[in-house]
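Residue numbers (my numbering), protein chains in the order written: chain A, 1 to 437; chain B, 1 to 437. Cβ atoms here follow ideal geometry from the backbone N, Cα and C, with glycine treated the same way. In what follows, a single structure is set out as structure tokens and then discussed.
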């Protein structure tokens with residue numbers, strides 16, 4: 001089999017090796033490079049494996065006892081997976097790390113659940129280590145009765161658990177300046193997905209007793225920047241959750257431990273982490289994060305505020321930037337699609353720069369405001385190609401082109417909420433690159 | 001709010017403290033014990049929080065910068081969650097740890113996804129650390145053409161990802177001797193759930209070309225015990241997956257890295273880990289794991305072999321053994337239900353030892369052969385009570401009582417595949433205990 005190489009998987013392998021190169025394991029790269037003499041996947045080719053070799057194969061690990069487990073130690077990935085990790089941006093030079101972010105290696109994520117250890121995060125003043133026994137949440141402002149809750153108080157209520165994606169409003173932001181991002185982790189890695197568990201904030205607001213004039217709600221964090229956002233009361237009373245757990249365990253410190261707001265389908269920065277205060281008012285606060293940041297420049301010279309919904313978007317993760325196709329043959333094209341307005345209805349894939357589109361297969365469960373994986377089998381005949389995906393959500397909204405977006409708002413500068421169709425180019429020798437014009 | 005204590009959450013807290021006691025943090029226990037003067041959850045009681053206190057509340061963490069992230073370090077839980085971990089059995093004394101197992105803290109798991117770092121595991125000769133670049137899978141026996149695959153070869157194929165529970169055939173085994181297990185982690189912790197990603201084994205068997213007489217398939221591991229099982233060809237050709245990933249990343253070493261068999265709904269031990277060999281035959285191998293182990297004693301004196309399906313089962317995880325109810329009031333009863341034969345159709349909960357049953361609420365997504373969470377609100381009037389859950393699956397099979405099981409097979413000794421209705425007793429003072437007669 002070793003003379004047979006599937007382009008997509010070797011693509012992964014080349015990415016794999018690129019990662020290892022960072023850790024200077026050149027030997028691995030060279031060894032795998034020797035396998036790069038690919039061929040298409042055909043049944044006949046499998047006859048390469050001799051029966052004798054098959055019968056005689058023995059594993060060294062069969063001849064010795066393995067490690068004793070350490071059940072009381074939290075389990076970790078294999079030492080051979082150390083190249084799979086979050087990464088800082090390669091595009092922007094960050095002079096300090098108090099206000100920082102790290103990206104998820106979505107090209108190395110199978111399925112739709114992002115492991116908590118690889119979940120993207122963005123913070124404005126570092127990550128506080130909060131003792132849950134000393135943490136409190138206060139609800140005040142335009143309510144009949146201000147309330148104060150300990151974590152134990154909050155965990156008394158009936159919880160809900162939902163699978164939802166989380167995306168930073170600035171995901172893909174830097175790439176529309178110029179095609180700087182070399183991998184999909186760099187271009188789209190401010191995206192993750194988890195099953196979130198917590199208490200509907202409507203339960204607590206009902207107990208506090210809303211003033212009939214209440215229209216906006218402030219969510220404030222217990223971090224050094226006291227990051228806060230104003231949220232319309234409607235979002236709070238429908239599906240906003242005070243989340244204390246993700247993917248079957250308490251939140252990770254960098255993701256808001258012990259408590260954060262979670263607003264399905266909305267930009268990550270309104271899902272305030274290390275949540276300590278909720279204040280009800282009849283108007284928004286117009287905070288720095290609502291004027292100088294997280295806004296959209298419009299053609300009339302004004303800036304659009306409070307555009308928190310992350311609209312329908314998709315991206316091809318395999319093959320993607322940094323991978324190599326190993327000559328003409330069969331390729332599995334894979335990626336993620338998601339929408340802050342509902343579920344993913346369909347995904348189309350083009351391999352000729354948008355001239356023709358083919359409907360991809362969606363893998364279930366296809367859930368509301370959750371990552372959905374799509375797959376499309378492609379016969380690459382060799383020669384230059386441009387591949388991209390286009391998602392349609394349950395509201396029939398179609399993921400726009402950059403030109404479509406440009407008709408509604410400026411697409412230069414730091415473009416928030418950029419959900420444009422994202423292309424990868426494939427060169428004649430199989431190299432995959434960011435193909436933004 | 002601190003004078004108000006919700007029984008269930010304090011139950012968690014008492015378990016929490018019990019865990020901390022193991023790490024000898026008695027101070028924490030005493031501090032939280034002081035909170036145990038509970039009362040029922042009522043809206044009026046919330047007026048305890050003074051508005052002034054609410055307005056003046058300030059967090060210490062708001063006054064300082066937090067930690068800088070280390071994006072290249074795999075993320076870990078908060079230091080305040082160190083009590084949430086897998087544990088060895090407290091019931092059986094294991095004289096060595098080559099053949100061993102550790103249990104998932106399911107009473108501390110929100111949602112249906114078990115974090116990989118807490119996923120239960122059982123091994124027969126320790127955990128090997130296999131280099132995926134050197135690992136190979138061989139398919140031979142009654143096939144037209146024996147095949148040999150590298151991990152890169154396997155990852156060339158179109159993958160599937162499914163959410164499925166995994167349960168050890170011996171889960172709850174020891175508890176039916178005598179009520180030794182003090183917590184649900186000890187009684188039912190050989191149970192976890194993940195989204196599994198891999199290649200359908202049918203794809204590879206089709207390429208190898210099955211002999212028309214093929215009826216059984218051997219799956220053999222690369223561990224020191226070369227653990228192996230015989231599996232009917234039908235299971236292989238329907239839904240058996242060669243899994244290389246779980247919950248969005250490659251398998252953990254103790255869960256079979258880099259490759260394992262996964263058979264949805266079947267006992268964990270047939271999902272052979274560190275998979276290195278698949279051999280096709282016209283009969284089963286009758287290995288030690290199919291004669292001396294993983295079999296069921298029947299009334300006629302014979303032993304039932306190859307009963308790999310984990311039938312419909314459920315258990316209440318909150319409140320459960322080791323927790324404390326804090327006086328009469330409102331309680332959220334929660335637990336898991338699952339079935340190896342399909343999806344969970346309904347769960348009934350009793351709080352009076354089976355005299356009356358109430359239909360619990362199921363939380364979606366309710367998936368095929370996957371953990372499903374149920375919830376039921378209970379008004380405890382005080383005094384002794386016995387609580388239990390009873391699940392019904394999509395085939396209308398009803399989780400049996402111990403008496404029902406005893407009609408079909410012996411329920412003494414090491415009882416494999418025990419899916420009996422499991423009771424917890426609540427004493428007058430609110431103490432929750434294993435209530436097996």
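Distance from the CA of residue 424 of chain A to the CA of residue 113 of chain A, rounded to the nearest whole angstrom, comes to 24 Å. Residue 221 of chain A carries a strand assignment under DSSP once its states are collapsed to helix, strand and coil. Per DSSP, the beta bridge partners of residue 387 of chain B are B:424. Looking at the DSSP output, residue 333 of chain A shares a beta bridge with A:376.
Secondary structure at residue 237 of chain A: helix, using DSSP grouped into helix, strand and coil. Here residue 142 of chain B is near residue 280 of chain B, since their CB atoms are less than 7 Å apart.
Within the segment 82-106 of chain A, the beta strand (DSSP E) runs of at least 3 residues that lie entirely inside it are, in chain order, 100-102. When the beta-carbon positions are compared, residue 366 of chain B and residue 343 of chain B come within less than 7 Å of each other.
Residues of the segment 243-266 of chain B with a C-beta less than 9 Å from any C-beta of chain A: 244, 245, 246, 247, 248, 249, 250, 251, 252, 253, 254, 255, 257, 258, listed in chain order. When beta bridges are read from the DSSP output, residue 286 of chain A appears opposite no residue. Residues of the segment 340-354 of chain B with a C-beta less than 8 Å from any C-beta of chain A: none at all.
Here the alpha carbon of residue 111 of chain A sits roughly 11 Å from the alpha carbon of residue 194 of chain A. Along the length of the segment 270-321 of chain B, whole beta strand (DSSP E) runs at least 3 residues long occupy 275-281, 313-318, reported in chain order.
Using a Cβ-Cβ cut-off of 7 Å, residue 359 of chain A is close to nothing in chain B; its nearest Cβ partner there is about 16 Å away.
For residue 64 of chain B, the nearest CB of chain A lies under 7 Å from its own CB, placing it at the interface with that chain. Distances from the alpha-carbon of residue 336 of chain B to those of B:387, B:246, B:327, B:347 put B:347 closest.
Taking a Cβ-Cβ cut-off of 9 Å, residue 228 of chain B has no neighbours in chain A, whose nearest Cβ is about 11 Å from it.
Apart from sequence neighbours up to five positions away, the residues of its chain that approach residue 357 of chain B with a beta-carbon distance below 6 Å are 348, 350, ordered along the chain.
The beta carbons of residue 282 of chain A and residue 235 of chain A sit no closer together than 7 Å.
Close to chain B, meaning a Cβ-Cβ distance shorter than 9 Å, is no residue of the segment 308-321 of chain A at all. Residue 408 of chain A and residue 270 of chain B have their C-alpha atoms some 57 Å from each other. Between residue 113 of chain B and chain A, the shortest Cβ-Cβ separation is below 7 Å. For chain B, the residues of the segment 117-128 of chain A that bring a beta carbon within less than 9 Å of one of its beta carbons are 117, 118, 119, 121, 123, 125, 126, 127, 128, in chain order.
Under the Cβ criterion of 7 Å, residue 326 of chain B is not counted among the residues facing chain A. No Cβ-Cβ contact shorter than 7 Å links residue 248 of chain B with residue 274 of chain B.
Within 7 Å of the CB of residue 367 of chain B, the CB atoms of chain A belong to 365, in sequence order along the chain. Taking 7 Å as the cut-off, the beta carbon of residue 428 of chain B is found closer than this to the beta carbon of residue 383 of chain B. For the pair residue 92 of chain A and residue 387 of chain A, the Cα-to-Cα distance works out to about 26 Å.
With three or more CB-CB distances shorter than 8 Å, the segment 60-79 of chain B counts as touching the segment 219-236 of chain A. According to DSSP, residue 140 of chain A shares a beta bridge with A:279. For residue 132 of chain A, the closest Cβ of chain B is nearer than 7 Å. CA-to-CA, the gap between residue 316 of chain A and residue 389 of chain A works out to about 6 Å. Inclusion of residue 171 of chain A and residue 154 of chain A in the CB contact set at 7 Å is not warranted, their separation being larger than that value. In this structure, DSSP gives residue 404 of chain A a helical state, which the three-state scheme calls helix. Between the beta-carbon of residue 197 of chain A and that of residue 125 of chain A there is about 26 Å, and that puts the pair past the 8 Å contact cut.
By the neighbour-count definition (other C-beta atoms within 10 Å, threshold 16), residue 414 of chain B is an exposed residue.
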